[in-house]
Amino acid sequence: MEPALHPGWPATLGWGPVELHPLRRRDAAEWARLRQANESWLSPWEPSSPVPWQQRHTPTSYRGMRRAVARRARLGTSLPFAVRVEGRLAGQVTVDNIVRGALRSGYLGYWVDRRVAGRGMASLAVALVCDHAFGAGGLHRVQADIRPENLPSRRLVERLGFTQEGLLRRYLDIDGDWRDHLSFSLLAEDLPRGVLARWQERIPR
Ligand SMILES: CC(C)(COP(=O)(O)OP(=O)(O)OC[C@H]1O[C@@H](n2cnc3c(N)ncnc32)[C@H](O)[C@@H]1OP(=O)(O)O)[C@@H](O)C(=O)NCCC(=O)NCCS
């Protein structure tokens, strides 16, 4: 039998207050509002663009982005999730540029609304997506490339058990220039009890 073209997609994931699902058409206005409100929070970590932030984050840009990621998801090269916290749209977690065959690896990207940051919700969302990528998604490795200055993001992957593998020189064109990135990865066999179990170990009692 031929392997599935898009293993693990579409999917809805959830635990506690966090739910992840494919991007919905009806979230266009809410996404644009969130992205506009979070410009100073997000822009230091986002790809460079000649188009001003406010013009790149409209309901129309959401619809274009949604179509593009849905196409990649159908081809099996992306697992693009919207994040809801307590029912409200609060960010995105995506495993993108998935390569199958002997590599079976993808690149992790994520952001959350500043108002939900610092409560463990982003790391919970990333944990759920990694477990899904290693399970139904059939991946062996997830890579996260993070600017050395991005301490919250480094803490997030370190707490979930990722290993730092190296420094990628002037690797990505982010916020107006080529930026060094630290490369982290998690392998399917690194956490035999799963990534959610790792996240749960840190629930404050
Ligand atoms: C990177 C980003 C997603 C991290 O979000 P965050 O809210 O700091 O991450 P978490 O939701 O995991 O929150 C961590 C905090 O929640 C708390 N927490 C509560 N329960 C927890 C649990 N079970 N597990 C982990 N943390 C928990 C911790 O105290 C932790 O605080 P600490 O850093 O003082 O240890 C966020 O800063 C962001 O969106 N930044 C802008 C975009 C960006 O940088 N994207 C990534 C580019 S590489």
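The numbering used here numbers the first residue of the sequence shown as 14 and each following residue consecutively.
Where a beta carbon is used, it is the ideal one built from N, C-alpha and C, also for glycine.
All figures in this text were calculated on a predicted structure; none of them were measured in a lab.
#### Entry: Cutoff 7 angstroms; reference T176; Cβ partners in own chain excluding five residues on either side
As a working mapping, residue 176 is identified with position 163 in the sequence shown. Closer than 7 angstroms at Cβ, skipping near neighbours: F197 and S198.
#### Entry: Buried or exposed (CB count within 10 angstroms, at least 16 for buried), Q67
Position 54 of the sequence shown holds residue 67. Q67 comes out exposed.
### Message
Is the beta carbon of A103 closer than 8 angstroms to that of W212?
### Response
Counting from one through the sequence shown, the residue named residue 212 turns up at place 199. Counting from one through the sequence shown, the residue named residue 103 turns up at place 90. Result no, Cβ atoms of W212 and A103 do not sit closer than 8 angstroms.
### Task
Compute the Euclidean distance between the alpha carbons of V125 and A135, then round it to the nearest angstrom.
To locate residue 125, count along the sequence shown from 1; it is residue 112. To locate residue 135, count along the sequence shown from 1; it is residue 122. Roughly 6 angstroms separates the two Cα atoms.
### Task
Confirm, please, whether the CB-CB distance from P20 to G150 is below 8 angstroms.
Taking the sequence shown and counting its residues from 1, one reaches residue 150 at position 137. Taking the sequence shown and counting its residues from 1, one reaches residue 20 at position 7. Yes, they are a contact pair.
### Task
Answer with buried or exposed for V112, where buried requires no fewer than 16 other C-beta atoms within 10 angstroms of its C-beta.
For this step, residue 112 is matched to residue 99 along the sequence shown. By the 10 Å Cβ count, V112 comes out exposed.
### Query
M134: beta carbon under 7 angstroms from a heavy atom of ligand 1?
Reading the sequence shown from its first residue, position 121 is the one you call residue 134. For ligand 1, at least one heavy atom lies less than 7 angstroms from the Cβ of M134.
### Query
Leaving out five residues before and five after R228 in sequence, what residues of the same chain have Cβ atoms less than 6 angstroms from its Cβ?
Here the chain comprises residues numbered 14 to 218, so residue 228 is not present and cannot be evaluated.
### Message
Measuring only from the beta carbon, is G151 closer than 7 angstroms to any heavy atom that is part of ligand 1?
### Response
Here residue 151 is taken as the residue at index 138 of the sequence shown, counted from 1. For ligand 1, not one heavy atom lies less than 7 angstroms from the Cβ of G151.
### Query
By how many angstroms is the C-alpha of P57 removed from the C-alpha of D188?
On the sequence shown, position 175 is the one that residue 188 refers to. On the sequence shown, position 44 is the one that residue 57 refers to. Their Cα atoms are separated by approximately 5 angstroms.
### Message
Tell me which residues share the same chain as E99 and place their Cβ nearer than 8 angstroms to its Cβ, disregarding the 5 neighbours each side in the sequence.
### Response
Within the sequence shown, the letter at position 86 stands for residue 99. The answer, listed in chain order, is P30.
### Whole-Å CB distance - G179 paired with D203, under 8 angstroms assumed
Within the sequence shown, numbered from 1, the residue matching residue 179 stands at position 166. Within the sequence shown, numbered from 1, the residue matching residue 203 stands at position 190. G179 to D203, Cβ: 17 angstroms. No contact.
### Query
Do you know how far the Cα of E52 is from the Cα of R80?
By 1-based counting over the sequence shown, the position of residue 80 is 67. By 1-based counting over the sequence shown, the position of residue 52 is 39. Roughly 23 angstroms separates the two Cα atoms.
### Task
Taking the CB atoms as reference points, tell me whether L152 and A146 lie closer together than 8 angstroms.
Your numbering for residue 152 matches position 139 in the sequence shown. Your numbering for residue 146 matches position 133 in the sequence shown. Taking 8 angstroms as the Cβ cut-off, L152 and A146 qualify as a contacting pair.
### Query
Leaving out the 5 sequence neighbours to the left and right, which residues in its chain are closer than 7 angstroms to L200 when beta-carbon positions are compared?
What you label residue 200 is simply residue 187 of the sequence shown in a count that begins at 1. Correct list, in chain order: H153 and R154.
### Task
Between the Cα of V129 and those of P35, L26, L47 and F94, spot the shortest distance and give me the residue it belongs to.
For the purposes of this step, residue 129 is taken as residue 116 along the sequence shown, with counting starting at 1. Of the candidates P35, L26, L47 and F94, the one whose C-alpha sits nearest the C-alpha of V129 is L47.
### Query
Cβ of L18 within 7 angstroms of any heavy atom in ligand 1?
Mapped onto the sequence shown, residue 18 falls at position 5. Not under cutoff, so the answer is no.
### Query
Would a C-beta distance cut-off of 8 angstroms place D144 and G77 closer than the cut-off?
Walking along the sequence shown from the start, residue 144 turns up at place 131. Walking along the sequence shown from the start, residue 77 turns up at place 64. No, these two residues do not count as a Cβ contact at 8 angstroms.
### Task
Using beta-carbon positions only, say whether T25 and L33 come within less than 8 angstroms of one another.
As a working note, residue 25 is residue 12 in the sequence shown. As a working note, residue 33 is residue 20 in the sequence shown. Cβ distance < 8 angstroms, so T25 and L33 count as in contact.
### Message
With H, G and I counted as helix, E and B as strand and the rest as coil, what does DSSP make of L185?
### Response
By one-based count along the sequence shown, residue 185 stands at place 172. L185: strand per DSSP, three-state reduction.
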